[in-house]
Every structure is written in C-alpha cells, then in structure tokens.
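Worksheet: one structure, shown below.
Protein chains: 2
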Amino acid sequence: MKKTLFALAAFSLPVAASAQLGVDDSSDQRVAAAADAALEQDVLAWDFVEGITTEVGPRQAGTEAEARGRAWAMRWLKARGFANVADEPYQMQTWVPGDVHKAEVVGPFPQPLVVQPLGGSASTGPDGITGEVVFFRTVDDLRAAPEGSLKGKIAYISHAMTPTQDGSHYGFAGPARWVGAGIAAQKGALATVIKSVGTDLHRNPHTGGTGFPAGVQPTPAGALSVPDALNLERMFARAGDRPIILKLILTPRNLGTTTSGNVVGEIVGRDPSLPPVLVACHIDSWWNGTGAIDDGVGCGIVAAAALNVSKAGQPLRTIRVLMAGAEETGLWGSKAYSAAHIGEPIAVGLESDFGADRIWKFESNFRESNAALHNRIARSVVRFGVSNGMAVATGGADINIARDQDTAIIDLQQDGTRYFDLHHTPDDTLDKIDPVQLRQNVAVWTQVVGILANEPGEIRPKP
Amino acid sequence: MKKTLFALAAFSLPVAASAQLGVDDSSDQRVAAAADAALEQDVLAWDFVEGITTEVGPRQAGTEAEARGRAWAMRWLKARGFANVADEPYQMQTWVPGDVHKAEVVGPFPQPLVVQPLGGSASTGPDGITGEVVFFRTVDDLRAAPEGSLKGKIAYISHAMTPTQDGSHYGFAGPARWVGAGIAAQKGALATVIKSVGTDLHRNPHTGGTGFPAGVQPTPAGALSVPDALNLERMFARAGDRPIILKLILTPRNLGTTTSGNVVGEIVGRDPSLPPVLVACHIDSWWNGTGAIDDGVGCGIVAAAALNVSKAGQPLRTIRVLMAGAEETGLWGSKAYSAAHIGEPIAVGLESDFGADRIWKFESNFRESNAALHNRIARSVVRFGVSNGMAVATGGADINIARDQDTAIIDLQQDGTRYFDLHHTPDDTLDKIDPVQLRQNVAVWTQVVGILANEPGEIRPKP
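If you're matching them up, the sequences are chains G and S in order.
Going by my numbering, the letters in the first sequence line up with residues 1 to 463, in that order.
Going by my numbering, the letters in the second sequence line up with residues 1 to 463, in that order.
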C-alpha cells in the first residue's frame, strides 16, 4: 500500500511536481525535481549506511570503533565534495559493555536466559552474583516497595510496550530502563533486570542507557530479551512459593575519560554570512548491533539530502551536516557541539534519528511565527504522503544547539511501527532497511532542506 | 484468512460434523466430536509445551537437561492418566556446544560476527584460530575446489534458502550445513563457517548437525546468522584484493558415551493383542533455544490427541506415545526404539515434528493398498482445511521403526512457511506458537488417531 502510493506519486508527478507547488522561484523548481529524482533513484543514503555498517560495524561511544566510524564518515564526505570536513574533539566518560553477559535461572527451573547489560551498568565481576528475583509489574510498583526490602535481591521489572506509529510507547515503557535500576539500587537491590523495552519477540535484548541518582552506587543492570522475560514471568506463575533464584554475570567497565568527536561537513552557500541550515544525526551506535537504523541511516539521509540540494544549484545558505558522537551514552557530542558553537547562530535545525521507514508528518516550531514558510514546506511534501502536523517541533537528541539557541526546528516524523523491534538490539543491521522507504526519506529531506537553504528571510522570526 | 476458515468450520460443523462424515460407527461420531471440541478449546498441547519450555528449557541430547526433560514429560503423562509410562534407556555419543562462540573479522573491516557451532563441530581451543576466508557460493563450488587449496584457510559457504510451505528448501539449502564442513576439511580447511540454513533476518544462528566422512578429522564448523553472513558477503564485494581474515573461537566438546532415553506411555486399547498406533515426537532440543516448535509442541500435539481420543471412549487399539530422545544429534532415540521393539509389530506410525502451524495436507502410504481407509481419513479432515495429498508418506525422524517394519505411515503435513525462521535457533521459544493453529493440529490429530485406533482391520495390508 505504501509502496503503491509512493510509486503513484513518483510516476504521476516527477516532472510537473514543482509547477504544482504554487511557487515560481527557479531554485524551488530545481529542488522539487531533485526530490522527485531522489524518490526514484537515490543511492547516496544507502551507500553511506551500507558502507559504514559493512566497513566499520558497531561504533560504541568513546571507543576506537567510534573513532574508525568518524574517520570513515569523513572520507565519505570528502570524497563526495563536502567542504570543511572536520572531526571536532571533546572529552567524555566512556563505558564499555565487556565480554561476558550471562543469566541463568538456578532454581526452581534451571535454564539460561539471554541478557545484555544496560549502558551504565556496574559489573557483577567475572564470578557473577546470585539472588532471589522480586517481580514488579511496573516502575510505580517498584517505587512503592519499602526501603531496604530488596536487600540482597534482584529486581525484575516488567511492563507492556506495544508498537505505535509515533513511537510514543517509548515514553510509556521506557522508564523501566531509564530509572528502574536506580530506584531498585536505592532500595538495596543487588542488581536489576528488566524486560527489554522493545516490541519484538526475538532473543535479542534491547540495551540502552540507565541512570543512577547522585549518591547511589550503580549496580549491575541488564535487559532480558522479551521471550526470556516472558519465560521468567511464566516461571513466577508456576513456582508457587518457591523463590526464583537467578545468577547474573555482566562485566562492563568504565574507561574513565576518553576523547570522542563530532564529524562536520558543509555544502557552502552563496551567502555564508547567513546562518546555516543544520542537519544532524549521530555516528555512534550501541556495541551489539551495527548501527544501521540507529543511526547510520540517519547520517546517510541528511548527507544525501544536502548533496541532492547542492546538485540542484548552489544553495543560498550553507548546509551544515553534524554527525554527532556519543549520542547513546549521554548526548556527549550534541552537548559538546552546542557548547563549542553556541555563539554561531543557526537558522534551523533538523535531525534524522528514528530509522529508515517513511516520513508521515511534518512539524515545525514556526507554524505561527512564519506561517507562510511553514505552509509552503507543508504543501511541498504532500506529494510524498506527508501530512501537516499540528504539534510544535522540539527536535531530537542530536540538535541540542537548536534548543539552546531557541531557533527554528523541524521534525520530519518517521513511521516508528517497527522501530522498537530493532532499536538498541543486535538486530540493528542493514538488512532491516527498506530501500523504497529510505528513498522516500531522502526525497522529503531533499525537498525540505532545499527550501530552507534557499530561503532568504529569517526562518523563525523572534517575536 | 486461515483463522476465519477455522472459525467457520468450527462454528458451522461441531455437532453435526460426524454425521456428515458418511460413517455411522458410534466411535467415529465420538471421535469427530472430540476433534471438533479440540479445535475450539484444546489446552493440553499448550500446557505440555508451555510446561516443558518454562520448567525445563533447552534439552541438549545426551545431557542432564535432556534427562530433566524426560522426567518432566513422564510426570506430565502419568498425571494425565497415561499407562505404562517409562524411560527406556540407550547409550549414545554426546556432543555439547561449550561456552564460547565468537567470530571476529580481523581485517580489513574489523568487527564481530554472531556465530554458533554446528553439532559435531570440533573445538578451536580457547584461543581460537585465525585464517583467510575463502568464499563459495554453493556446495558444488566447494566440491570443485582443488585438493589442498584450502590449507590453512576458512571456507565460507553461502546459498539461498527461501520460505516454502512444504519446507522443501531445506533439502535444497541444507547440504551447506550437512556436508559442507566435511568437504572443506577434506580439502585442508582449518574451519568452515556457513550462512545459517534459515529464512529469517535475525542475529540468531541456525545450528544443526554436520557430518565428517569416515577418516576425515572433524574441524571447527559454525553457522553465522543470516545478517552476519550477508555482511561478510558485502565485505567480499568491498575488499578488492585484500584478504578477509577471520578469527573464530568455538569450544564444543565430545563427552563420549552417555545414557539417554526414550519416554513412552500408552492409552491402552480394548484389544491389546492388536498392533498399536504409534504417535511420535522428540523430547530433546538444541541448546540454544527452548525446544518449543522443535519439538516440545510436537510432543504436546501427539499426547493431547491420544488423550482426546481416550476421552471419546476407550479405543480398540492401544495408542502408544513415543517421545524419542536425541533426535537432533543423530536419531539416537528413534534408532534405539526400533532396535528394542522391532519384534513388536505396530499398526501405523505418525510423528509431529515440524512446528505448530496448521496442517494442510494428509498423506499415507496405503492410498492404494487400503483405499477405503485412506479415503475415509481424508474425508474426515476436509473440514479442518486439510487436503488429500498424492505423495506416498515416508514418515519422519522419530519413527524409524515404521520404516524398519515396513508398516503403515501417515504424514500430516504442516505449514512450514515460517518454520525455518526459527528452526534450530535461540528464537525457538513458546511465544512463536500460534494457539489457534496449534488447536487445529490437535483437532486433526485427534480425528486421524481416533479413526486409526478404532480400526479393526489391518491398516496397511501386505500385498
């Protein structure tokens, strides 16, 4: 259905599309043609994500593998004509997952369970820890447990995440991962395991960062794959009064301060004195996948769009690509970029960091303050099946600078229905990317960035 | 669509179904009613497979875990009224996978790959082995490689397996696993890795047995998950003249001779002098999953059907359930059962060992020799969406005795479209079983076994 729609749009509109947009500026016509062409034939975004996942693979934040990812991306950007390609360094605290990740039910139903550490987890040591598992259906149930009641025990947190197009169940189910281990540690828990915050049924745990409140000693914290979590829950139903005893081995380490970096590159505009359009993604990934949908493909989309716009004629404004480092373990790169560049105004910020499925909604934070431009952009992407959203865009993790500068932000909302099948898992691999939907992303981005980069006026006029 | 069909069949036919079968024997009517009831409400098969996967988990052939599986199954059978429940021991050669399964591309594109050993693989030792990877598209390409040409190298075998309803691509793609490592070893290879013989795109390798010809020293042999194999193949496309160097650590061990066993139990018939109906499955599983679809659920189906038939009135013939041991590593249990019982004729053998998706075709090996019975059975399962197949049933791995005795065999062919997404992987877990399709299996089995167990005449008359 989606593919049919795209194909219809592409076959009926490509040449005449720009004329139908109601604008007569020649750059707009060229941009629209470039977007139409991208829908049919873009290979740049695929080339980026295929290349970085094949030639580099996983890019854990702060590590040598992330540095190889930066070097690879810089070579790619330079080879395709980006100017001012650089690796802007910053310091960060680096956590690595270690080698051994095991969970085993010791009794009453002995069997292994598949587990991986959460980012920020402490180590159990190589010999592991063993304790009774205490079941909590939700984080609120855990919060209600008496202080000290978890001493010597392992907290398990369940919840129910289901697929949603807008990804909003991540906000609903995510706290089990984000704060669960910290709350359990405050109540004396030896360790915490959670049902993966994910929507699939594969033996591939969803990792991701977890936080411990100031003054609370981090404990080991891991995610069971959803099938293993369901198995553990069935054990509770069948064990009666018998305690469920779990042995857990997780051996992550903190490496202390290491140097990471942000990769930047530019399509230089005709008037470099105008604030640039910032298009962002992140270059790092969790260790367990290859960082295809999170977020190699986002970097491919924004870079391909910038190139497509440049091929339609040098844009008025500079388009700056930011491939932020170390997003996954605390937005280190995004924060460092904002700190380093806070004094250099950007015109507008956009990021791609939600996979490669189709864009279905356009949102900005200048719907009212610059209705003409908002509506012009909204009209321009209707032919790609993108609706005009009512919400105020707030941007994502990689464009802290746009929020810090209180500037214009656009969100090109992607279909997240299957994103949390793959997010932060070993299954984040190239084969999950649908080339047809990826091209729709590049087409929409080419269209939107093309309009923004050729816009002479202020994009979000200050009130 | 399938669910709708089943529901229609169930709602329109349950009470009157037996009358429509064109038979007037009262046992036939009761059996048909029991089958109809199973379609709507059977919980026995689910209870078996939920129980054994939750309370026992993986049951690697010849190990203590398999023995726990036998003990669990015997308790279940006794608790539900089976007679003559026993664990019939035999000796076998036992292989175990060991703890460490790692593959890592050393160069030119360093990154880890997900691998698991094939059954029968030798160990690399804890320090692993490192060698250049030589690409073979097919087993035939490998066969054509000159003798000695793989000395010091690691053979990689690709192929293309796609989903098929009848599972026939297993025969097409399977040799890469069954004989690839042996052929490579004969040509001097240090080790072999294959693309998993599977149809999914998850980072869960498909293990399974591999064989080495007599006189050929076994080498390490592993399966990459399909996404990892595709990544390796992209590396070949991008590496140019640079060799791809792989480090492989697999630490399986041979334990020598251990004792395993076959679990048997009976619904005793009114005339125990008649040869029994043998319904079979296997109790062991590979270590990496929990043996849900392969083959905990098969044991649940055959046991549930036997119980359902018995509840419809004591059958004429005894129904014997065989839960064979150690199928996966060489049909040890099936062969031992045949050797021990070859002198005790069975009337007919059937097995369930292809997952839990719906049965779509009925086949026998007495279509011509006992057309009346064949056609009566075929007519009886039309209402469950099962067609009358033309092929001659040959039975499966767990009923060697039926072939050895040259007796009657029935194959109730299941839909294998998604079976090889899960087969021999960590993803073989309870959540993959569709309870609606499982009940259709139990209904068809109840119907067919009910007819067979009440059949006074010889089922496959000898010519």
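Where a beta carbon is used, it is the ideal one built from N, C-alpha and C, also for glycine.
Just how far apart, CA to CA, sit S/I283 and S/L224? 26 Å
Taking beta-carbon pairs under 7 Å, can you tell me which members of the stretch 224-250 of chain S lie near chain G? P227, L230, N231, R234, M235, R238
The alpha helix (DSSP H) enclosing G/E233, as first and last residue numbers: 226-239
If distances are taken between C-alpha atoms only, which option among S/Q413, S/A73, S/D398, S/L322 comes closest to S/D388? Just to set this straight, residue 388 of chain S is Asn in the shown sequence, not Asp. Closest option to S/N388, Cα to Cα, is S/Q413.
Length of the line joining the Cα atoms of G/A347 and S/T417: 52 Å
Is there at least one Cβ from chain S nearer than 8 Å to G/E328's Cβ? no
Nearest-angstrom beta carbon gap, S/T429 and G/P528 [assumed within contact, 8 Å]: A query on residue 528 of chain G cannot be resolved here, the shown segment of chain G reaching from 1 to 463 and no further.
Does the pairing of the stretch 329-347 of chain S with the stretch 252-270 of chain S give three or more beta-carbon distances under 8 Å? yes
Residue-level contact to chain G via CB, S/G62, 8 Å cutoff: no
Please report the straight-line C-alpha distance between G/P58 and G/P463, rounded to a whole angstrom. 44 Å
Any beta-carbon of chain G closer than 8 Å to the one on S/D427? yes
If you check the beta carbons only, do S/A453 and S/G269 fall under 8 Å apart? yes
Burial state of S/L21, where buried means 16 or more other Cβ atoms lie within 10 Å: Summary for S/L21: the model assigns pLDDT 42, below 50, so the residue's position carries little reliability; its value from the coordinates is reported in the next sentence. Per the 10 Å Cβ criterion, buried.
Take the Cβ of G/I451 as the centre, count every other Cβ of all protein chains shown within 10 Å, and call the residue buried at 16 or more, exposed below. buried
Among the residues of its own chain, which have a CB less than 7 Å from the CB of G/H206, if the five just before and after it don't count? S196, V197, G198, A223, H423, H424, T425
From G/E147 to S/V179, what distance separates their C-alpha atoms? 60 Å
Counting contacts by CB-CB distance shorter than 8 Å, is S/L201 in contact with chain G? yes
Taking only three categories from DSSP, how would you classify S/I244? coil
Could one say the Cβ of S/P97 lies closer than 8 Å to chain G's Cβ atoms, at least one of them? no
N-terminal and C-terminal residue of the alpha helix (DSSP H) that G/H169 is part of: 169-173
Taking the straight line between their C-alpha atoms, what separation do you get for G/E363 and S/K432? 38 Å
When the cut-off is 8 Å and only beta carbons count, does G/P58 lie next to chain S? yes
Would you say S/T446 reaches chain A, if we count a Cβ-Cβ gap shorter than 8 Å as a contact? The structure shown contains no chain A; the protein chains it does contain are G and S.
Using three-state DSSP, classify G/T53 as helix, strand or coil. helix
In the DSSP assignment, find the unbroken alpha helix (DSSP H) run with G/V302 in it and report its ends. 297-311
Below 8 Å between beta carbons: does that hold for G/I267 and G/P315? yes
Drop a sphere of 10 angstroms on the beta-carbon of G/E64, count the other beta-carbons inside from all chains shown, and report buried for 16 or more, exposed for fewer. exposed
In three-state DSSP terms, what is G/M390? coil
Assigned secondary structure, S/T210 (DSSP; H/G/I helix, E/B strand, else coil): coil
Start-to-end residues for the beta strand (DSSP E) that takes in S/V106: 101-107
Kindly list the residues whose CB is nearer than 6 Å to the CB of S/K361, restricted to its own chain and excluding five residues on each side of it in sequence; keep chain order. S387, G389, Q413
Against chain G, with Cβ distances strictly below 8 Å, would S/D434 count as a contact? no
How many whole angstroms separate the CB atoms of S/V31 and S/T446, which I take to be in contact at a CB cut-off of 8 Å? 7 Å
State the beta-bridge partners of S/G256 as determined by DSSP. S/T94
Verify whether the separation of the beta carbon atoms of G/Q440 and G/I319 is less than 8 Å. no
In angstroms with no decimal places, state the Cα-to-Cα distance between S/V321 and S/A306. 8 Å
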